[in-house]
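A.B. asks: I am attaching a structure below and will ask some questions about it afterwards.
This is the structure:
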């Protein structure tokens with residue numbers, strides 16, 4: 595077991611902080627670039643189908659920052675943290691995490707998504723000049739777990755409502771979190787209000803996203819998710835759950851100011867989008883012969899300490 | 021089992037696009053397009069081990085032209101933005117440059133010389149001062165060279181209606197808050213540059229490129245960067261007169277009313293020219309009277325403002341018809357002083373006669389104005405008691421006794437507002453975004469409010485890991501500033517038009533309005549707070565605290 599865990603500590607990229615292997619860059623496969631650049635541009639269009647997701651991104655990053663590095667004032671609060679963005683799509687969240695210094699693996703089961711994400715990442719040198727590090731992989735959560743990957747922070751944002759077996763998905767994500775690390779999830783609650791907003795309004799009436807994007811029956815209520823996390827192996831506790839709502843007057847997404855405020859105006863039955871942070875208890879006995887890496891893991895997985 | 025189920029993992033729509041599972045290699049250790057190429061050709065390739073590309077080499081030379089922010093224009097707005105960014109730790113790791121065509125050495129080496137003042141001055145509102153304190157500029161200024169005033173007298177030449185503003189009316193504890201602080205532009209800029217240097221000594225990396233012009237701004241096909249694998253085709257490329265090319269994530273136009281950055285971004289500037297020029301000058305005032313009041317008299321040809329710089333020295337801004345402005349500017353010193361005193365004291369009918377003489381008989385104007393002024397004043401004060409004479413004297417500014425050498429200058433008045441303040445990877449601040457009638461002294465203050473909001477928005481963007489050139493982020497700046505600037509532009513425009521008429525009903529209405537305003541303190545307090553930027557700053561504080 596131990597060798598497997600240690601393997602998971604292999605850095606995603608070497609930590610030289612440099613852009614590398616320039617000689618290989620001159621060979622671009624024009625066909626492949628052409629094929630995906632239009633798709634990528636569409637995915638990343640600020641006014642396109644994913645516009646609302648783009649607008650939500652700064653708000654959820656701000657939430658992640660508050661949960662993981664509340665004190666840090668510099669521009670790279672996630673420096674040294676190994677992070678997994680599972681279901682990374684076009685790389686929206688991954689890019690932000692890398693800019694904040696994270697050592698990020700963006701994983702997606704869709705080959706197209708990974709190609710779009712890669713193509714887009716060429717548009718920002720800051721993703722490649724460090725200290726943040728970026729890697730995209732076309733793979734699944736369970737394959738990553740099988741390969742022995744582990745992370746300080748696992749983020750499953752706007753994804754659990756799209757998987758077929760959410761409790762199994764949750765277990766796999768949780769197992770990839772190192773002791774002392776955190777798991778962050780955001781999703782949509784299975785309430786009539788959520789049906790009205792995401793299925794009826796967004797898909798049928800306003801046609802902001804295409805029909806079938808959302809499957810209401812797969813939505814999970816925050817209480818159900820909280821219970822599922824508490825029943826996980828490995829000493830899990832839910833630190834924080836908040837609603838995240840679109841404020842049309844301010845033209846931005848806003849996270850509730852208080853832990854526990856999930857629904858609109860604090861009314862539980864009106865909950866729609868919400869975001870949750872859970873942490874995994876640290877197991878001291880691992881420290882016996884792996885002092886070195888556990889030490890670093892503890893530092894990284896902080897829980898609100900400055901670094 | 022679980023494997024099959026978990027394969028459905030995808031964000032939003034991706035589930036629909038599920039393709040055969042193809043593993044792409046690690047590409048953090050190689051390059052974006054290389055990885056794309058490799059994955060397409062060898063879909064089953066195993067992840068490249070991290071150590072494989074250990075032949076890493078420094079990328080120093082080839083990324084040195086890539087900037088996070090390039091600010092074009094080293095005026096007050098541009099340098100204040102540079103300073104504001106440099107003052108924030110979030111930007112210490114960002115690569116930022118400011119480009120100024122002229123030599124900044126005279127500004128950096130400026131030292132105050134007693135009693136001699138520049139003719140380019142600004143009246144800083146309390147909200148501008150609080151920004152300057154926040155970004156550590158205020159303590160770099162020579163405090164004895166800044167003139168605060170807490171009293172402002174505004175009156176109408178035709179009706180004599182008058183409004184007096186005094187901060188004591190703002191309520192308890194505000195009696196000693198100045199309405200504004202008078203400062204020379206060069207002094208302000210000197211302080212800003214000193215503060216930038218200090219921020220640089222504390223970890224900021226603000227690069228100032230001076231004596232170099234921007235020769236072209238364009239989007240470039242990605243030819244230069246094929247070596248790095250980056251695709252910077254939608255980043256503005258700024259070509260400098262020394263041949264250097266800078267690529268920037270965000271280009272800020274602080275490059276004045278004829279902004280090349282605005283032209284590059286294809287943003288039109290809307291507005292009109294007034295049939296009015298402003299004459300500015302530094303005046304020596306009667307040193308026996310205290311000089312703590314800002315004065316503004318609305319003449320049918322435009323307002324004349326006398327703003328205190330210190331005891332015995334004031335700054336003048338006189339807006340008038342272009343042909344009069346030219347003649348006033350060219351007058352001998354003593355005649356000029358007499359005419360300014362006349363403009364502050366005589367009736368509009370007397371002034372009309374003087375203007376006519378000024379244009380038609382310029383040779384004899386010198387002796388005429390002296391006689392006229394003395395005679396008219398003596399008539400006005402005839403058979404008045406001492407206390408009445410005192411009251412009349414204190415209702416106008418101290419006598420102008422001299423004008424400082426080479427301090428007279430003139431410029432045309434314009435109103436301009438850019439149709440947008442932002443484009444993708446472009447933001448406009450200060451005069452590049454808007455040019456305002458100077459009658460309320462709001463132009464530079466508006467620019468500083470732009471700077472404050474833009475740097476606040478960019479800081480928020482850095483904190484949230486955003487691409488700070490992205491239009492979504494910049495729109496927070498534009499939506500905050502556009503409406504407020506338009507409101508101020510149109511208020512000043514309406515005042516200009518309102519006082520530009522001698523039509524009796526309008527004169528009656530405006531004098532009624534003036535007197536009513538003067539009699540009704542709460543209204544005056546609100547007007548003053550608005551002009552002082554107080555409303556703005558409190559609502560901004562509220563916004564920034566509840567922002568997420």
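Protein chains in written order, with my numbering: chain A, 595 to 901; chain B, 21 to 568.
For each residue, glycine too, the CB sits at the ideal point set by N, CA and C.
Keep in mind the model is a prediction, meaning the values are calculated, not measured.
For chain A, check one thing: does any of its Cβ atoms lie closer than 9 Å to the Cβ of residue 490 (chain B)?
C.D. replies: Yes - at least one Cβ of chain A is within 9 Å of the one on residue 490 (chain B).
A.B. asks: Beta-carbon of residue 784 (chain A) versus every beta-carbon of chain B: anything under 9 Å?
C.D. replies: Taking Cβ atoms only, chain B never reaches closer than 9 Å to residue 784 (chain A), which makes this a no.
A.B. asks: Pick out whichever of B:172, B:119, B:83, B:118 has its Cα sitting closest to the Cα of residue 328 (chain B).
C.D. replies: Comparing Cα-Cα distances from residue 328 (chain B) to each of B:172, B:119, B:83, B:118, the minimum goes to B:172.
A.B. asks: Does any CB atom of chain A fall closer than 9 Å to the CB of residue 484 (chain B)?
C.D. replies: So, interface residue.
A.B. asks: Does the Cβ-Cβ distance between residue 735 (chain A) and residue 770 (chain A) come in under 9 Å?
C.D. replies: Yes, Cβ-Cβ distance for residue 735 (chain A) and residue 770 (chain A) is below 9 Å.
A.B. asks: Exposed or buried, residue 669 (chain A), counting other C-beta atoms within 10 Å across all chains shown (16 or more means buried)?
C.D. replies: Label assigned to residue 669 (chain A): buried.
A.B. asks: Tell me, please, which residues DSSP counts as bridged to residue 497 (chain B).
C.D. replies: Residue 497 (chain B) pairs with nothing; no bridge assigned.
A.B. asks: Quick check on residue 910 (chain A): does DSSP put it in helix, strand or coil?
C.D. replies: In the structure displayed, chain A extends from 595 to 901; residue 910 (chain A) sits before or after that span and is not available.
A.B. asks: Could you say if the region 471 to 485 of chain B and the region 109 to 120 of chain B meet the contact criterion of at least three C-beta pairs nearer than 8 Å?
C.D. replies: Segments in contact, yes.
A.B. asks: Can you confirm whether residue 842 (chain A), when its beta carbon is compared against all beta carbons of chain B, has any partner nearer than 9 Å?
C.D. replies: No - not a single Cβ of chain B is within 9 Å of the one on residue 842 (chain A).
A.B. asks: For residue 852 (chain A), which three-state DSSP category applies?
C.D. replies: Coil at residue 852 (chain A), not helix or strand.
A.B. asks: Per DSSP, which one or two residues make a beta bridge with residue 265 (chain B)?
C.D. replies: DSSP output for residue 265 (chain B) lists B:259 as bridge partner(s).
A.B. asks: Could you compute how far the alpha carbon of residue 818 (chain A) sits from the alpha carbon of residue 281 (chain B)?
C.D. replies: Distance between the alpha carbons of residue 818 (chain A) and residue 281 (chain B): 54 Å.
A.B. asks: Under DSSP, the alpha helix (DSSP H) around residue 202 (chain B) begins and ends at which residues?
C.D. replies: No alpha helix (DSSP H) holds residue 202 (chain B); the beta strand (DSSP E) holding it covers 200 to 204.
A.B. asks: Verify the CB distance criterion: does residue 55 (chain B) have a CB-CB separation below 9 Å to chain A?
C.D. replies: Residue placement at residue 55 (chain B) is poorly supported in this model, since its pLDDT is 38, which falls under 50; the coordinates still yield a value, given next. True, the Cβ-Cβ gap to chain A drops below 9 Å.
A.B. asks: Just to confirm my understanding: we take residue 276 (chain B), look at its own chain, exclude 5 residues before and 5 after, and list those with CB closer than 8 Å. What are they?
C.D. replies: So the qualifying residues of the chain are 93, 95, 450, 451, 452.
A.B. asks: Is the shortest distance between the beta-carbon of residue 674 (chain A) and the beta-carbons of chain B less than 9 Å?
C.D. replies: Residue 674 (chain A) does not count as touching chain B.
A.B. asks: Just by C-beta distance, which residues in the region 247 to 258 of chain B are closer than 9 Å to chain A?
C.D. replies: Within the region 247 to 258 of chain B, the residues whose Cβ lies closer than 9 Å to some Cβ of chain A are 247, 248, 249, 250, 251, 252, 253, 254, 255, listed in chain order.
A.B. asks: Out of curiosity, what's the CA-to-CA distance linking residue 382 (chain B) and residue 128 (chain B)?
C.D. replies: Their backbone Cα atoms lie some 42 Å apart in a straight line.
A.B. asks: Do residue 140 (chain B) and residue 333 (chain B) count as a contact pair if the criterion is CB distance below 9 Å?
C.D. replies: No, the pair does not count as a contact, with Cβ atoms beyond the cut-off.
A.B. asks: Could you please give the first and the last residue of the uninterrupted beta strand (DSSP E) stretch that includes residue 725 (chain A)?
C.D. replies: Here residue 725 (chain A) belongs to no beta strand (DSSP E), and DSSP marks it neither H nor E.
A.B. asks: Can you find the residues in the same chain that come closer than 7 Å, C-beta to C-beta, to residue 637 (chain A), ignoring five residues on each side of it along the sequence?
C.D. replies: Cβ within range, chain order: 644, 684, 710.
A.B. asks: In the DSSP assignment, the beta strand (DSSP E) including residue 617 (chain B) goes from what residue to what residue?
C.D. replies: The structure shown does not extend to residue 617 (chain B), since chain B spans only 21 to 568, so no value can be given for it.
A.B. asks: Please report how far the alpha carbon of residue 470 (chain B) lies from the alpha carbon of residue 290 (chain B), in whole angstroms.
C.D. replies: Near 18 Å, if we compare the C-alpha coordinates of residue 290 (chain B) and residue 470 (chain B).
A.B. asks: For residue 159 (chain B), count neighbouring C-beta atoms within 10 Å of its own C-beta (all shown protein chains included) and say buried if the count is 16 or more, exposed if not.
C.D. replies: Classification of residue 159 (chain B): exposed, given that the 10 Å Cβ count is below 16.
A.B. asks: Quick check on residue 825 (chain A) - is its C-beta less than 9 Å from some C-beta in chain B?
C.D. replies: Not closer than 9 Å to any Cβ of chain B, the Cβ of residue 825 (chain A) fails to qualify, so no.
A.B. asks: Is the Cβ-Cβ distance between residue 116 (chain B) and residue 102 (chain B) less than 9 Å?
C.D. replies: Closer than 9 Å, so yes.
A.B. asks: If you draw a straight line from the alpha carbon of residue 398 (chain B) to that of residue 346 (chain B), how long is it in whole angstroms?
C.D. replies: Using only the alpha carbons, I get a separation of about 29 Å.
A.B. asks: For the region 314 to 331 of chain B and the region 378 to 396 of chain B, state whether three or more C-beta atom pairs, one from each stretch, are separated by less than 8 Å.
C.D. replies: Verdict: no, contact absent.
A.B. asks: Under 7 Å Cβ-Cβ, which residues of chain A neighbour residue 156 (chain B)?
C.D. replies: Within 7 Å Cβ-Cβ: nothing; residue 156 (chain B) doesn't reach chain A, min ~16 Å.
A.B. asks: Count the CB pairs spanning the region 355 to 375 of chain B and the region 439 to 448 of chain B that are closer than 8 Å, and state whether there are at least three.
C.D. replies: No, the region 355 to 375 of chain B is not in contact with the region 439 to 448 of chain B.
A.B. asks: What does DSSP give as the partner residues of residue 330 (chain B) in its beta bridges?
C.D. replies: In DSSP, residue 330 (chain B) forms a bridge with B:333.
A.B. asks: In three-state DSSP terms, what is residue 120 (chain B)?
C.D. replies: Residue state, collapsed to three classes: strand.
A.B. asks: Tell me, please, whether the CB atom of residue 504 (chain B) is closer than 9 Å to any CB atom in chain A?
C.D. replies: Closer than 9 Å: no.
A.B. asks: Please name the residues in the region 108 to 119 of chain B whose beta-carbon is closer than 8 Å to at least one beta-carbon of chain A, in chain order.
C.D. replies: Flagged, chain order: 109, 110, 111, 112, 113, 114.
A.B. asks: Keeping to the same chain, check which residues put their C-beta closer than 7 Å to that of residue 763 (chain A); ignore five residues upstream and five downstream.
C.D. replies: If we look at residue 763 (chain A) and ignore the five residues flanking it on each side, its Cβ neighbours are 735, 754, 757.
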